[in-house]
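To start, the structure itself, in structure tokens.
Residue numbers (full-length UniProt numbering): 1 to 31.
Here it is in structure tokens:
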């Protein structure tokens with residue numbers, strides 16, 4: 001099974017978006 005660039009980008013987005021949201025939420029809580 002070949003992994004295409006589109007699949008890699010999709011996986012990265014799915015992995016990153018929750019992390020970014022959690023990071024922003026954590027910064028808000030820390031204030």
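Think of the CB as a built atom: it goes at the ideal place given N, C-alpha and C, for glycine as much as any other residue.
In this structure, the straight-line span from the alpha carbon of residue 27 to that of residue 2 is close to 39 Å. Residue 9 and residue 15 have their C-alpha atoms spaced approximately 10 Å apart.
Secondary structure of residue 4 (DSSP, three-state): coil.
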